[in-house]
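There are 4 protein chains.
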Amino acid sequence: MTPGDESDLGRPPAGWRRRAYEVIFESETPAGRAFDKFIVAAILVSVAVVVADSVQEWSSRNRRLFDAAEWFFTILFTVEYIARVVSVEKPWRYVRSFYGIVDLLSVLPTYLAILFPETHALIDVRVLRLLRVFRIFRLTQYVEEYQMLGEALAASRRKILVFLSVVLMVVLVLGTLLYVVEGPEHGFKNIPTSVYWAVTTITTVGFGDITPKTDVGRFIASVMMLIGWGTLAVPTGIVTAEMTARRGIGVFRSRAGRCDKCGVGGHQADARFCRNCGASLPEPAGAE
Amino acid sequence: MTPGDESDLGRPPAGWRRRAYEVIFESETPAGRAFDKFIVAAILVSVAVVVADSVQEWSSRNRRLFDAAEWFFTILFTVEYIARVVSVEKPWRYVRSFYGIVDLLSVLPTYLAILFPETHALIDVRVLRLLRVFRIFRLTQYVEEYQMLGEALAASRRKILVFLSVVLMVVLVLGTLLYVVEGPEHGFKNIPTSVYWAVTTITTVGFGDITPKTDVGRFIASVMMLIGWGTLAVPTGIVTAEMTARRGIGVFRSRAGRCDKCGVGGHQADARFCRNCGASLPEPAGAE
Amino acid sequence: MTPGDESDLGRPPAGWRRRAYEVIFESETPAGRAFDKFIVAAILVSVAVVVADSVQEWSSRNRRLFDAAEWFFTILFTVEYIARVVSVEKPWRYVRSFYGIVDLLSVLPTYLAILFPETHALIDVRVLRLLRVFRIFRLTQYVEEYQMLGEALAASRRKILVFLSVVLMVVLVLGTLLYVVEGPEHGFKNIPTSVYWAVTTITTVGFGDITPKTDVGRFIASVMMLIGWGTLAVPTGIVTAEMTARRGIGVFRSRAGRCDKCGVGGHQADARFCRNCGASLPEPAGAE
Amino acid sequence: MTPGDESDLGRPPAGWRRRAYEVIFESETPAGRAFDKFIVAAILVSVAVVVADSVQEWSSRNRRLFDAAEWFFTILFTVEYIARVVSVEKPWRYVRSFYGIVDLLSVLPTYLAILFPETHALIDVRVLRLLRVFRIFRLTQYVEEYQMLGEALAASRRKILVFLSVVLMVVLVLGTLLYVVEGPEHGFKNIPTSVYWAVTTITTVGFGDITPKTDVGRFIASVMMLIGWGTLAVPTGIVTAEMTARRGIGVFRSRAGRCDKCGVGGHQADARFCRNCGASLPEPAGAE
């Protein structure tokens, strides 16, 4: 979910494309800032329209208004998408980037809805475009927090993957077990359904649309719940350990905390000498 | 939820307002303490009355008693509110403070109930006034724990906000997806309802009043549950890392806490000798 | 839930009471060990009888057998209780201790069942007597872990109490809000019921026996779920921070790690000098 | 769930058994790698067949195809199992190992299904054989993460056991309490069922198939939920504390890692100079 950086799409050297790039992708100029704010407002209104459109009482009364609004925003965002493509040096990189895909998905469903009417609600994937907000409003501090979260998750990625694959195997085996024990007459009508049930159980969601009825099934379910409850500790432990470690080296984390000689950062809070080259470290900016 | 400090509302210099202030806002004098205890008792009884009033069997039998009690407490707290307003130097600051708003909300619903009868139960917001208890009974230690919690949450505020906004976007997109996949015939009658369902799923609450019925819907729901389960690690990680750091550091965090002889820092809060070289440690700058 | 220590109940100096004490309360002698094992077996069998008795199909067929077994174990444990009371120096202290209360509750329901038949199932509170197992089988290591858990919880007691009281207030206010918004026609029939619902929601249990039906109610419920989800981080953070801190000072925790001069323990893992008196610390028993 | 190491099953010194061992148990040779990949593909396809077979619409149409596939894979894995047994020096150790049992359970249900038709779905326990994937594809890094997880869990094993046994006692007592309070007419038809309900409540799963209906029952249930919610912190705290400690310590934990000049220990794993005095650190005893 880490939205990609958009600074490497290639800034055109000069001409109208350069000006378009500055307005569309950057927010240093007044025009760029106005454009960004306009787009944010348009996204919010268009998502509100989609949500309101799904409410039967409202949509049946204002059919025409909703249709007009949907086409207005779709054409607006389509024009914006084309403008983004033509104003970068490496359009293909933009198209394949996280935001490029989100921008495309924000307009496609309306066109697809001509063929498959029920899909048009999917255009509210455009709400993901708001992730750009962090950049637009120069919420640098927020972005830092954000990156810190992203880094902690990224650093735990492999651990989480291994954990998830083991969970999936366990869920498949336990789901099958319940399918055999309870059978279709108690709602466990096939293995995919039983696996769905096993996931609701082990994640402690517990919808209750399918529940074991036999004593054996309930015993196995109880064991599963206790396992799931305890296992929840694992991803939490992974992320927390990562974050605690990151926070523990907090003081020297900023650029000022880097060693002046060899450039290594991430020293412990009470470090006075670089752990890499032994040079004296700069004093921290002030005791917090 | 951090209740504001009430010491900056302006203590009148002398006269009856000063005496009223000492009784109402402070608890140093016997009168002040008696007043505080009386108010706490009144809050508890009045909340009990509201709760009991909502139980059909009791309220129909004792209609008059409940009505009398409600008006008695409402008038009592109204008088108290007016007394609080007139006895501080900066009444406006009090009115806009956390407790000022809670105190007002504690009496308003009874008056509103003359116009909108069903709202009168809302007066049990007055239970929040009990937050003052921590101050009233001089539970200084408790307040310290409380502030520590508040600080840890406040320090994680930005991280939590960023996290929450991303969760909200994800929930909106996934809710819409299920609305498209399942449709109104399976209970996902519009996008707000689907988003409500997505929230119950991703937070692992899982009421089960709305559940996916199609295989595709159940597959997406399973993925959501696993995401929600793993994501729960994030706020926990944030708060835990913050708390671990706070607990581990203690008094000697600043550079002044380093040992003069060997220079080691990061001593425990109650250390008097360096754990590394045994030299006497400098006194902490002031007991926090 | 921390079971009390039973070593301060007063060991009789000599005579038959001393011998009884050694058999009943201690497990140093062969007789004492045999007695303990017999009691553990009796507890397990008697609990199994109670559980089996509650299953309609079995109990109706073996009514007499179950009744006989229940009275047999009740009389056995009653005799044991009396023996425990008479064989300690301070019987009153035993009666009021954690185990004294549990031992009494293990026999009372059978007698009460003569007056109130349905209460007899409560005698399986006697399963709590198994907590003594940790001591009986000299699972010293297990007990240490256990005490460590207990200490971490005890150290966080105040923080958890403050947290819980705030949660209770929030739950009361939110439950009332839903009662006003949804009303008795959607299952929120009175404030106690609404508070029960609010607890199921905020703890992410989500039974689904009562669920909001209106859009406003669902919106408030969604906010509550997100709050509850995030708030779960708080008790976890409290306990984890406590445990991390305790584990961090792990190496020197055993008695050998105490300072020989002043007796202070709990030094940091890399400490070489006592933080309290500056004396040199003994070497750790071996690098783990 | 930690899959055992398979390197101690005894590698035959020479001959056809040595070659068979190299192909079947190792993946150093091209033939060994091809064999491993073939088996992984066979497992995936066979599990997919079992899952698809459970879906009524598909299985009734392709009865013969599914039966043929099931027997094909069962015979294939049976031959593989026999080959594994005969090609190791210590066949008995293999048979009793984690993978030996999984390999056997992967074929047994098909044979058993001749006698008990409904059990055949259990053969998808063969998905557990995929745990070998980590070794097969030389995902050494992944395996390391995996072992780290396993070690953290193993180190917390005793603490978790103690915790679990206390939880089980509490669940039994509380389940009985609800059985007495609510009784069979509200779904709590016997103690095992009530204990099942207590587990769903305390683990915050909350299916909602059984729920308290009386006010007293709901009050007790609310207390249980709050307990369960808070208690969730305990396993999380245990695992997190273990993981934080492991992550924070690294190579230099032992005394040998102390700085020779100032004596400070606890350096980061990649430190080459003392963070306190800047002196060069001794080399770690061996890169783990």
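Residue numbers (the working numbering), protein chains in the order written: chain A, 1011 to 1298; chain B, 1011 to 1298; chain C, 1011 to 1298; chain D, 1011 to 1298.
Where is the CB? At the ideal position from N, CA and C, for every residue including glycine.
Buried or exposed, going by whether 16 or more other CB atoms sit within 10 Å of the CB of residue 1246 of chain A? The residue you call residue 1246 of chain A lines up with position 236 of the first sequence. So residue 1246 of chain A ends up on the buried side.
Using C-beta distances below 8 angstroms, list every residue in its chain close to residue 1114 of chain B, excluding the 5 sequence neighbours before and after it, in chain order. Taking the first residue of the second sequence as 1, we reach residue 1114 of chain B at position 104. The residues are 1091, 1105.
Could you confirm whether any beta carbon from chain A is found closer than 8 angstroms to the beta carbon of residue 1102 of chain B? By 1-based counting over the second sequence, the position of residue 1102 of chain B is 92. Output row for residue 1102 of chain B: interface = no.
Using a Cβ-Cβ cut-off of less than 9 angstroms, list which residues of the stretch 1202 to 1216 of chain A approach chain C; keep chain order. 1214, 1215, 1216
DSSP beta-bridge partners for residue 1283 of chain B? Translated into positions along the second sequence, residue 1283 of chain B becomes position 273. In DSSP, residue 1283 of chain B forms a bridge with B:1290.
Would you report the Cα separation of residue 1016 of chain B and residue 1110 of chain B, rounded to the nearest angstrom? The residue labelled residue 1016 of chain B in the question sits at position 6 within the second sequence. The residue labelled residue 1110 of chain B in the question sits at position 100 within the second sequence. Each residue's alpha carbon lies about 10 angstroms from the other.
Say whether chain C places a C-beta atom closer than 8 angstroms to the C-beta of residue 1242 of chain D. Residue 1242 of chain D sits at position 232 when you count from the first residue of the fourth sequence. True, the Cβ-Cβ gap to chain C drops below 8 angstroms.
Chain B partners of residue 1236 of chain C, CB-CB under 8 angstroms? Locating residue 1236 of chain C in the third sequence gives position 226, where the first residue counts as 1. Neighbours of residue 1236 of chain C on chain B, chain order: 1174, 1177, 1209, 1213.
Quick one: is residue 1185 of chain B buried, meaning 16 or more other Cβ sit within 10 Å of its Cβ, or exposed? By one-based count along the second sequence, residue 1185 of chain B stands at place 175. The residue is buried, with at least 16 neighbouring Cβ atoms inside 10 Å.
Inter-stretch contact at 8 angstroms, needing at least 3 Cβ pairs: the stretch 1172 to 1180 of chain A / the stretch 1194 to 1210 of chain B: The stretch 1194 to 1210 of chain B and the stretch 1172 to 1180 of chain A do not touch, with fewer than three beta-carbon pairs separated by less than 8 angstroms.
Using 8 angstroms as the limit for Cβ to Cβ distance, is residue 1261 of chain D near chain A? As a first step, residue 1261 of chain D is located in the fourth sequence; it is residue number 251 there, counting from the start. Confidence at residue 1261 of chain D is low in this model, with a pLDDT of 32, below 50, so the placement of that residue should be treated as unreliable; the coordinate-derived value is given next. Not closer than 8 angstroms to any Cβ of chain A, the Cβ of residue 1261 of chain D fails to qualify, so no.
Does residue 1057 of chain C come out as helix, strand or coil in the three-state DSSP assignment? On the third sequence, position 47 is the one that residue 1057 of chain C refers to. Helix, per DSSP.
Just how far apart, CA to CA, sit residue 1108 of chain A and residue 1070 of chain D? Counted from its first residue, the first sequence places residue 1108 of chain A at position 98. Counted from its first residue, the fourth sequence places residue 1070 of chain D at position 60. In a straight line, the C-alpha of residue 1108 of chain A is about 44 angstroms away from that of residue 1070 of chain D.
Tell me the residue span of the alpha helix (DSSP H) that contains residue 1167 of chain C. The count along the third sequence starts at 1 and reaches residue 1167 of chain C at position 157. Segment 1167 to 1192, the alpha helix (DSSP H) holding residue 1167 of chain C.
Could you pull out every unbroken alpha helix (DSSP H) segment of at least 4 residues lying fully inside the stretch 1184 to 1244 of chain D, listed in chain order? 1201 to 1212, 1225 to 1241
Candidates A:1095, A:1120, A:1254, A:1219: which alpha carbon is nearest residue 959 of chain A's? Nothing about residue 959 of chain A can be reported from this structure: the residues present for chain A run from 1011 to 1298 only.
Within-8 angstroms CB hit, residue 1190 of chain C to chain D: The count along the third sequence starts at 1 and reaches residue 1190 of chain C at position 180. Not one chain D Cβ lies under 8 angstroms of residue 1190 of chain C.
Starting from residue 1077 of chain A and walking both ways along the alpha helix (DSSP H), at which residues does that stretch end? Taking the first residue of the first sequence as position 1, residue 1077 of chain A is located at position 67. Its alpha helix (DSSP H) spans residues 1073 to 1097.
In this structure, how does DSSP classify residue 1120 of chain D when only helix, strand and coil are distinguished? Taking the first residue of the fourth sequence as 1, we reach residue 1120 of chain D at position 110. Under the three-state reduction of DSSP output, residue 1120 of chain D falls in the helix class.
Might you give, ordered along the chain, the residues of its own chain that have their beta carbon closer than 7 angstroms to the beta carbon of residue 1119 of chain C, omitting 5 neighbours on each side? Walking along the third sequence from the start, residue 1119 of chain C turns up at place 109. In its chain, beyond the 5 residues on either side, 1129, 1130, 1132, 1133 have a beta carbon closer than 7 angstroms to the beta carbon of residue 1119 of chain C.
What residues from chain B crowd round residue 1170 of chain A, counting only those whose CB sits closer than 7 angstroms? Working through the first sequence from its first residue, we reach residue 1170 of chain A at position 160. Result: 1240.
For a test of the three-state rule: what should DSSP assign to residue 1035 of chain C, helix, strand or coil? By 1-based counting over the third sequence, the position of residue 1035 of chain C is 25. Note: residue 1035 of chain C maps to coil in three-state DSSP.
Per DSSP, what kind of secondary structure is residue 1100 of chain C in: helix, strand or coil? Locating residue 1100 of chain C in the third sequence gives position 90, where the first residue counts as 1. The answer is coil: DSSP assigns residue 1100 of chain C none of H, G, I, E or B.
For the structure I just gave you, are there three or more beta carbon pairs, one from the stretch 1210 to 1223 of chain D and one from the stretch 1217 to 1225 of chain C, closer than 8 angstroms? yes
Output the boundary residues of the alpha helix (DSSP H) element that contains residue 1115 of chain D. The sequence position of residue 1115 of chain D within the fourth sequence is 105, counting from 1. Residues 1108 to 1115.
Could you pull out every residue in the same chain whose Cβ sits closer than 7 angstroms to the Cβ of residue 1076 of chain A, ignoring the five residues on either side in sequence? By 1-based counting over the first sequence, the position of residue 1076 of chain A is 66. These residues qualify, in order along the chain: 1059, 1063, 1069.
Nearest candidate by alpha-carbon position, reference residue 1027 of chain B, set B:1056, B:1099, B:1087: For this step, residue 1027 of chain B is matched to residue 17 along the second sequence. Per the Cα distances, B:1099.
Looking at chain D, is there any beta carbon in it that lies within less than 8 angstroms of the beta carbon of residue 1034 of chain A? Sequence index remark: in the first sequence, residue 1034 of chain A carries index 24 (1-based). No, its Cβ sits nowhere closer than 8 angstroms to a Cβ of chain D.
Just confirm the distance between the C-beta atoms of residue 1055 of chain C and residue 1182 of chain D, as a whole number of angstroms; I'd bet it's less than 8 angstroms. Numbered from its first residue, the third sequence carries residue 1055 of chain C at position 45. Numbered from its first residue, the fourth sequence carries residue 1182 of chain D at position 172. The Cβ separation is near 15 angstroms, so there is no contact.
Which residues, in order along the stretch 1043 to 1059 of chain A, keep a beta-carbon less than 9 angstroms from a beta-carbon of chain B? For the stretch 1043 to 1059 of chain A, the set of positions with a beta-carbon nearer than 9 angstroms to some beta-carbon of chain B reads 1057 in chain order.
Just confirm the distance between the C-beta atoms of residue 1093 of chain C and residue 1034 of chain C, as a whole number of angstroms; I'd bet it's less than 8 angstroms. For the purposes of this step, residue 1093 of chain C is taken as the residue at position 83 of the third sequence. For the purposes of this step, residue 1034 of chain C is taken as the residue at position 24 of the third sequence. Indeed, because the Cβ distance is near 6 angstroms, the residues count as touching under 8 angstroms.
Just the chain A side, please: which residues come within less than 8 angstroms of residue 1218 of chain C by C-beta, in chain order? The residue labelled residue 1218 of chain C in the question sits at position 208 within the third sequence. Simply 1217, 1218.
Would you mind telling me which residues of chain C sit closer than 8 angstroms to residue 1132 of chain B, beta carbon to beta carbon, in chain order? Taking the first residue of the second sequence as 1, we reach residue 1132 of chain B at position 122. In chain order: 1186, 1187, 1190.
Starting from the Cα of residue 1192 of chain D, find the closest Cα among D:1172, D:1171, D:1229 and give me that residue. Within the fourth sequence, residue 1192 of chain D is the residue found at index 182, counting from 1. The candidate whose alpha carbon is nearest that of residue 1192 of chain D is D:1229.
Can you tell which of B:1225, B:1205, B:1190, B:1207 has its C-alpha closest to the C-alpha of residue 1207 of chain A? Counting from one through the first sequence, the residue named residue 1207 of chain A turns up at place 197. Residue B:1225 is the option with its Cα nearest to residue 1207 of chain A.
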